[in-house]
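Taking it in order: structure first as structure tokens, then the write-up.
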Amino acid sequence: MYSKLIRSTIAASLLATAPVAAMADNLGAAIVGGIIGGAIMNGASQQRKKTTTTYYAPSATRTANRETQTALNYFGFNAGTPDGVLGSRSRSAISQYQVYMGYPATGRLQPHERDALVASYNRALIGGPDVTRALNRSKDGVRGLLVLWRGGAGSSGHGGMGYAGLPIEVSDAVDEIAESTEPSPEQLLQRAGFIQTADLNGDGQNDYIVDTAVTGSTFWCGASQCTTMLFVSTSDGYQRRQFQYLMNPQRTNTVQVSYFQCDHTGCRMNDPLAGGGATQQFAAAPAPAPVAPAPQTQMAVAPAPAPAPAAPATLPTFAIPVPAPAPAPSLASYCEKVSLMTSSNGGYVTAATMTDPKVALGEQFCYSRTYAKTAGEQLMQKVPGLTPAAAAQQCAGFEPVLAPYVGSLTTTPAKQVVANVAQYAANSGMTADQLATTARICLYSGYNGDTMGVALGSALLLTALGQDAYAELVGHHLNEGFGTTASPVAAANWYRLAIEAQEAGAPSAFGDSLPGRVELLRAAALGAANPAQTTTAPTVVPTALPSFTISE
């Protein structure tokens, strides 16, 4: 009884002296009050409330159990600290994994279930273009790899994930064509002209043209005609439309993007060999059936009536509609196209194989985007009750708060922008760790929702918190113009900040599955031109935030 009283007294004293987190101002107020900030700040204290009794299993068993727990945690099934003991939390994680995979939810892994889990984990760690493309297309993030690779899936067929970043609808068509041809789907994707991309309907998304003429298939190509498939983006995915076009006597012609025209009424293909430009049309909606003309009685020809008097001459008036603003460029569509090019080239460009710095930087942009999405999603899954939709709603607060600093990226030296944002973060009321965790989740949310203001603001905040490797993302956004005005000169300074930090020993923010990334970035971003750090532009301090002026 006495010892129980002692323990109660100690516990009460600890609770009485526990620090209370300060309320955040501006940036913190947009986030700390929500699920993300609250769960992050409370997570550590929740973990301290549990006590466990450890059972010491044999060494080999504990090693295998630790591997299982590590794999479960990697795929977002929270098994706790990998201690080699499959307790209640680990069994709960196993049950979640089993439900996701369609196995019986027993809480105990069968050998084939564990093999699939651990094999997928090891394969994901190896990385490479295949893993990156799969992650880029997965609606379930890193968990989608489990479904893709279950039972050896992925060696043939796209496994529900899409080839080379292609939409599922296009990937299904690739499989369909491959079933009646000798080349495999992967070989078809390597053939020039098999798939072409263009924004045909003006919605800012890639549309896809698949030409069967390059397959050599007699099923899809007859004696004089070949089939082409058009996949047009819609709000629900991609709509497939199929056309026939004539082959010349030498059978050397292929379909061209210029053959197609799309608008709100549908899509048309103009075949230059089909009788002077005959048109095949697929309407967006069925047109009403024509009404048959009423029967008429044949009458004798009468003299033509006198022409009506001419109307008074007036000046014509033409109302010119105000053009709708162009849609913001989509980074997701850009990365789909980059991924397709990477696959066609047989892998990522390296410093030794680089011929076009812009291509190399584009690949690294999309690679780092995918990695940031995966890492942020894993953090989000550790926050109880947080869904992607809830994260997107809360992270929307990043955009207006950090917009003044994002707006200064092209006019203010990189190091000065970092100092301005760091000063602002210091006044937010959140600790650096809380801000960094929240920013990484919002970086995922921004890229997942293609919200460039949120993504760029999150990368900028992470850089200001001392994680200089994230300056690479700011450089990519500036180089390509996503979320900001394109400025390759300003981008070079941000690339330099990330490169020099990693060369000095700072850890990479995007893993190590692509060796030589830093050397490639230096060669691509700074090799051809090495612009000096801009020093003449004045510091931009928003008038609504006077407290964030940097003191000299």
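Numbering-wise, the sequence shown is residues -24 to -1, 1 to 528 according to mature numbering (1 follows the signal peptide of the UniProt record, and there is no 0). The beta-carbon is built from N, C-alpha and C at its ideal position, and this holds for glycine as well. If you're wondering where the values come from, they're calculated on a predicted model, not measured in any experiment.
Can you give me the Cβ contacts of residue i inside the same chain, cut-off strictly under 8 Å, excluding the 5 residues immediately before and after it?
i    : result
G422 : C371, F374, M428, G429, V430, A431, L432, G433, S434
L48  : N54, A55, S66, A69, I70, Y73, L93
G78  : none
S234 : none
V118 : Y50, F51, G52, A100, L111, T350, E353, Q354
V397 : L378, Y381, L436, L437, T439, A440
A95  : W125
Per DSSP, which one or two residues make a beta bridge with residue i?
i    : result
R67  : DSSP, once it has assigned bridges, lists no residue as partnering R67.
S209 : Y214
Q226 : Paired residue(s): none; Q226 is not in a bridge.
I185 : Q172, L206
Y221 : C202
C197 : C202
Would you call the CB atoms of residue i and residue j closer than 8 Å?
i           : j    : result
residue 564 : F170 : In the structure displayed, the chain extends from -24 to 528; residue 564 sits before or after that span and is not available.
M245        : Y221 : yes
I153        : Q172 : no
A365        : Y420 : no
T439        : V394 : yes
A445        : A477 : yes
S306        : D212 : no
G442        : P333 : no
R217        : C243 : yes
A199        : T230 : no
F207        : V150 : no
F236        : L176 : yes
L497        : I475 : yes
G459        : H453 : yes
Going by beta carbon distance, what residues of the same chain come within less than 7 Å of residue i, once the five residues before and after it are set aside?
i    : result
A499 : A327, M330
A351 : R416
G492 : T326, A327
E479 : V494
Q166 : S320
A485 : Q443, A445, Y446
Given this structure, state the Cα-to-Cα distance separating residue i from residue j, to the nearest angstrom.
i    : j    : result
G83  : R67  : 5 Å
L362 : L355 : 10 Å
D247 : V450 : 45 Å
L437 : Q369 : 18 Å
T57  : G405 : 30 Å
L62  : E89  : 15 Å
Q201 : M223 : 5 Å
C311 : P143 : 12 Å
A40  : D488 : 25 Å
T191 : E448 : 40 Å
E43  : G60  : 8 Å
G335 : V123 : Note on residue identity: the sequence assigns Val, not Gly, to residue 335. Distance between the alpha carbons of V335 and V123 is about 31 Å.
V377 : A482 : 28 Å
S315 : T210 : 21 Å
A174 : L411 : 39 Å
L385 : G338 : 20 Å
G141 : A367 : 25 Å
W125 : Y139 : 14 Å
A260 : Q232 : In this predicted model, A260 has a pLDDT of only 49, less than 50, meaning its place in the structure is not dependable; the value taken from the coordinates is given anyway. Whole-angstrom Cα-Cα distance: 22 Å.
A5   : D409 : Below a pLDDT of 50, predicted positions are generally treated as unreliable, and A5, at 45, falls in that range; no measurement from the model is reported.
R38  : Y97  : 18 Å
E158 : P225 : 24 Å
L121 : D91  : 14 Å
T228 : T318 : 27 Å
L249 : C238 : 20 Å
T413 : A168 : 44 Å
Q163 : G322 : 11 Å
C418 : D148 : 33 Å
N455 : P464 : 5 Å
Q392 : N424 : 29 Å
P87  : S160 : 32 Å
Using a threshold of 7 Å, is the CB atom of residue i nearer than that to any non-hydrogen atom of the ligand HEM?
i    : result
G180 : Ligands displayed in this structure: none; no statement on the ligand HEM is therefore possible.
Counting only the same chain and skipping the five closest in sequence on each side, list residues whose C-beta sits under 6 Å from that of residue i.
i           : result
S156        : S193, F195
L85         : I70
T46         : P58
residue 564 : Not covered by the structure: residue 564. The range shown for the chain is -24 to 528.
A81         : S71, Q74, V75
S309        : Q181, N182
Assess contact between the segment 395 to 408 and the segment 340 to 358, defined as three or more Cβ pairs (one per stretch) separated by less than 8 Å. Is contact present? no
Across the segment 318 to 327 and the segment 458 to 472, are there enough close Cβ pairs to call them in contact, namely three or more that are closer than 8 Å? Output reads no: the segment 458 to 472 does not touch the segment 318 to 327.
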